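Here is the structure we will look at.
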Amino acid sequence: MVKHHRQHAESVRSPIYLVAPRSECFDFVVAAASDTVRHKMGISFARWSAILLLLPCLAPSSAPAKELGWQPEKTWLFVVGVLSWKHSEIYGSFPVKNRRDAALVDFFKQSGVPETQIVYLRDKQATQQQIDSAFLAQLKKLHANDLLIVYYAGHGTQSERGNDVYLASYDAGDNEVEGWSVNSIPGQIKRDSKCKRVLWFLDCCYSGQAAQAIAKQKDGPAYGCVSSSAASESSTEHWTFTEALLDAMRGAAYVDLNHDGAVTLSEFATHIEADMTAAEEQISTFATTNGFEREMVLSHAKPLANPRIGERAKARDSNGDWYACRIVEARGEKLKIHFIGYEEDEDLWVAPEDLEPIKPVRYAAGSKVEVLWKKRWYPATILKAKDGAHFIHYTDYDSKWDEWVPSKRIRNSKS
80 MVKHHRQHAE SVRSPIYLVA PRSECFDFVV AAASDTVRHK MGISFARWSA
130 ILLLLPCLAP SSAPAKELGW QPEKTWLFVV GVLSWKHSEI YGSFPVKNRR
180 DAALVDFFKQ SGVPETQIVY LRDKQATQQQ IDSAFLAQLK KLHANDLLIV
230 YYAGHGTQSE RGNDVYLASY DAGDNEVEGW SVNSIPGQIK RDSKCKRVLW
280 FLDCCYSGQA AQAIAKQKDG PAYGCVSSSA ASESSTEHWT FTEALLDAMR
330 GAAYVDLNHD GAVTLSEFAT HIEADMTAAE EQISTFATTN GFEREMVLSH
380 AKPLANPRIG ERAKARDSNG DWYACRIVEA RGEKLKIHFI GYEEDEDLWV
430 APEDLEPIKP VRYAAGSKVE VLWKKRWYPA TILKAKDGAH FIHYTDYDSK
480 WDEWVPSKRI RNSKS
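Going from the sequence shown to our numbering is simple: count from 1 and add 79.
Given below as structure tokens:
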């Protein structure tokens, strides 16, 4: 979830040189010029005819675009975005400016998904009762060949036993209202709908619990699930995850990692993993079950206008502070950068020498450290590390409290 988040620029331009498919215009030009060229080159009619027969094979042709893995008329969208809560003393609010959950809904509307197939509950609309009733009503309408996309942005909290996560509804904190249980969602989809394919996206703390929930479903729908964090990890306030999801759905060239003109689910998962570690020192989660196609095509992408577009680095913002960024445009020796997780109006043009590689802080496994939790430092041990994220165990606490934390929450032990 994002606090001061700037929208990700999709400043990718078409390349100057394009390879055009063979057209009727090509055939006309060849036919009109053939006799003139043949006479000037002194080529016999028979040999010239053979050359003309070969030309269609030599003429450039464009490969057919890969078929999208979703069709608007068969896509159903269930979106819950909560940025403010009834119990603000429990759940801190997030700014609503440029909210990306709304942008995601707008994308699917503009792509042709019927509004009757979209449920969007935001803030006060997203009480637990309304979530439950609206979700059930939508599930009852689904057919076997439909695709259900479920998305949540907001706060996520772990259950007391640490074996479930509750997605905070607007009224979470009321008596007997804990929130929307992650573990309950796959079972309800299986029980109350005929749907066979589900895409599940979560942008909140402990959202990796969804991967564990779908793994427990031995039959039922096939799932593709991507979340902003691990099951034992808090998540950033920024819209870094949802912004990357929008980039993938819109066909941003730098998400097309193999440059084949198609952005797949697995490419999005790889892209967001790199974004989350670079900008947030956070571990995203990707899982599929029951044969869900990991190479499902989310969008068609244009070629990169410049090979440097998409590169991640760090740069100083207008205040002189260092942040993770991405190159989104290039003009001569100048590079346009977007600070990952921040607004587009803070993009800058810089020289290549203004960029530096991202070098995350790493603590070795076994290191005795202190970890910040709710403004207090606790003794802990590093169990493992991945880039700038560290999986730690709190001294004198049960292992259910083990979690992934960024390096900014870690310091060397003073004892």
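Note that the Cβ used here is the ideal one computed from N, Cα and C, for glycine as well.
Bear in mind the structure is a predicted one, so any value in this text is a computation, not a measurement.
Open item on the list: Can you look up V192 in the DSSP assignment and give me helix, strand or coil?
Closed with: Looking at V192 - three-state DSSP - the assignment turns out to be coil, as it is neither helix nor strand.
TODO: Reducing DSSP to helix, strand and coil, say where P174 ends up.
DONE: Looking at P174 - three-state DSSP - the assignment turns out to be coil, as it is neither helix nor strand.
TODO: Give the DSSP bridge partners of H379, in chain order.
DONE: Beta-bridge annotation (DSSP): H379 is paired with A341.
- [ ] Determine the closest residue to W483 out of S313, G266 and E352, with distance taken between C-alpha atoms.
- [x] For W483, the nearest C-alpha among the options comes from S313.
- [ ] Alpha carbon to alpha carbon, how far is P439 from T474? Give it in angstroms, no decimals.
- [x] Cα-Cα distance, rounded: 25 angstroms.
Task: DSSP state of Q237 mapped onto helix, strand, coil - done: Strand at Q237.
Task: Strand pairing of I461, partner residues [DSSP] - done: The partner list for I461 (beta bridge, DSSP) reads I471.
Task: Whether A357 touches N385 by CB criterion (7 angstroms) - done: No. Outside cutoff.
TODO: Answer with buried or exposed for L134, where buried requires no fewer than 16 other C-beta atoms within 10 angstroms of its C-beta.
DONE: Its pLDDT being 40, under 50, L134 is placed unreliably by the model, and the measurement read from it follows with that caveat. Burial state of L134 is exposed, judged by a 10 Å Cβ sphere holding fewer than 16 other Cβ atoms.
Task: Where K454 falls: helix, strand or coil (DSSP) - done: Note: K454 maps to coil in three-state DSSP.
- [ ] List the endpoints of the continuous beta strand (DSSP E) containing A403.
- [x] Its beta strand (DSSP E) spans residues W401 to R410.
Open item on the list: For the beta strand (DSSP E) containing V306, name the first residue and the last one.
Closed with: Looking at the sequence provided, one finds Ser at residue 306 rather than Val. Per DSSP, S306 belongs to the beta strand (DSSP E) from A301 to S306.
Task: Opening and closing residue of the alpha helix (DSSP H) in which T319 lies - done: Counting along the chain, T319 sits inside the alpha helix (DSSP H) bounded by residues T319 to R329.
Task: With 16 other Cβ atoms within 10 Å as the buried cut-off, status of V175 - done: Counting Cβ neighbours within 10 Å, V175 comes out exposed, since fewer than 16 surround it.
Task: Other residues of its chain near I130: CB distance less than 7 angstroms, five sequence neighbours each side excluded - done: In this prediction, I130 scores a pLDDT of 43, lower than 50, which makes its location untrustworthy; the coordinate-derived value is nonetheless stated afterwards. Apart from sequence neighbours up to five positions away, no residue of its chain approaches I130 with a beta-carbon distance below 7 angstroms.
Task: T364 vs A468 beta-carbon contact at 7 angstroms - done: In this structure, the beta-carbon distance from T364 to A468 does not fall below 7 angstroms.
TODO: Please name the residue or residues paired with E255 in a DSSP beta bridge.
DONE: Beta-bridge partners of E255 (DSSP): none assigned.
Task: The beta strand (DSSP E) enclosing I228, as first and last residue numbers - done: For I228, the enclosing beta strand (DSSP E) begins and ends at L226 to A232.
Open item on the list: Once DSSP output is grouped into helix, strand and coil, what is the label at F187?
Closed with: DSSP, read as helix, strand or coil, puts F187 in helix.
Open item on the list: Taking its Cβ as the centre, do 16 or more other Cβ atoms sit within 10 Å of D424, making it buried, or is it exposed?
Closed with: With fewer than 16 Cβ atoms within 10 Å of its Cβ, D424 is classed as exposed.
Task: DSSP three-state assignment for V161, whether helix, strand or coil - done: Here V161 sits in coil by DSSP.
- [ ] Please report the Cβ distance between Q196 and L156, rounded to the nearest whole angstrom; I am assuming they are in contact, meaning their Cβ atoms lie under 8 angstroms.
- [x] Indeed they touch by this definition, with Cβ atoms about 7 angstroms apart.
Task: Local conformation of T206 per DSSP, three classes - done: T206 sits in coil when the DSSP states are folded into three classes, being neither helix nor strand.
TODO: Note the first and the last residue of the continuous beta strand (DSSP E) segment covering P485.
DONE: In this chain, the beta strand (DSSP E) harbouring P485 covers E482 to P485.
TODO: Give the secondary structure of L414 by DSSP, where H, G and I count as helix, E and B as strand, and everything else as coil.
DONE: In this structure, L414 counts as strand in the three-state DSSP scheme.
Open item on the list: Just to confirm my understanding: we take S397, look at its own chain, exclude 5 residues before and 5 after, and list those with CB closer than 8 angstroms. What are they?
Closed with: E425 and L427, listed in sequence order.
Task: Bridge partner(s) assigned by DSSP for W279 - done: DSSP output for W279 lists V229 and C304 as bridge partner(s).
Task: Coarse secondary structure for R387, derived from DSSP in three states - done: Reduced to three states, the DSSP call for R387 is coil.
- [ ] Give the single residue among C274, K145 and A443 whose Cα lies nearest to the Cα of N491.
- [x] Comparing Cα positions, the closest option is A443.
Open item on the list: For the region 335-343 against the region 258-266, do three or more pairs of beta-carbon atoms, one drawn from each stretch, fall closer than 8 angstroms, so that the two count as touching?
Closed with: Taking a cut-off of 8 angstroms for Cβ pairs, the region 335-343 and the region 258-266 do not touch, as fewer than three such pairs fall below it.
TODO: Return the chain-ordered list of same chain residues with a C-beta closer than 7 angstroms to the C-beta of L215, the five sequence neighbours on each side being excluded.
DONE: Result list for L215: D271, in chain order.
Task: Alpha-carbon to alpha-carbon, G411 and E435 - done: Computed Cα separation, rounded: 19 angstroms.
Open item on the list: Among the candidates T154, T368 and R178, whose CA atom is the shortest distance from the CA of T321?
Closed with: Nearest option by C-alpha distance: R178.
Task: Check whether Y285 and H234 have beta carbons under 7 angstroms apart - done: Not in contact: Y285 and H234 (Cβ atoms no closer than 7 angstroms).
Task: Coarse secondary structure for R395, derived from DSSP in three states - done: DSSP, read as helix, strand or coil, puts R395 in strand.
TODO: Please list, in chain order, all residues of the same chain as Y230 whose beta carbon is under 6 angstroms from its beta carbon, the five residues on each side excluded.
DONE: The residues are V158 and F280.
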